[in-house]
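Let me begin by presenting the structure, written as structure tokens, before commenting on it.
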Amino acid sequence: IAPVILILILILSSSRKLMGSRVNGAWSKIIGGVAILLMAFAGVATI
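Under my numbering, read the sequence shown as residues 2 to 48, first letter to last.
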């Protein structure tokens, strides 16, 4: 369930409508995407 929550957080924090001037930059999105992939692989590996 952690990757799903991380995806929602990344989407919400990337929304200029919600965050205004504090929106995520490109590097934050890349690092967030990598973190989501790592969490997904870790979840699959534990099965």
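By construction, the Cβ of each residue, glycine as well, lies at the ideal position given by its N, Cα and C atoms.
Note that this is a predicted model, so its numbers are computed, not measured.
{"Asked": "To the nearest angstrom, how far is the alpha carbon of Ile31 from that of Val45?", "Found": "21 Å"}
{"Asked": "Could you name the residues of the same chain whose beta carbon sits closer than 7 Å to that of Ser15, not counting the 5 residues immediately before and after it, in chain order?", "Found": "Val24, Asn25 and Lys30"}
{"Asked": "Note the first and the last residue of the continuous alpha helix (DSSP H) segment covering Gly44.", "Found": "Ala27 to Ala46"}
{"Asked": "In the DSSP assignment, the alpha helix (DSSP H) including Arg23 goes from what residue to what residue?", "Found": "Careful: Arg23 lies outside any alpha helix (DSSP H) and carries neither H nor E."}
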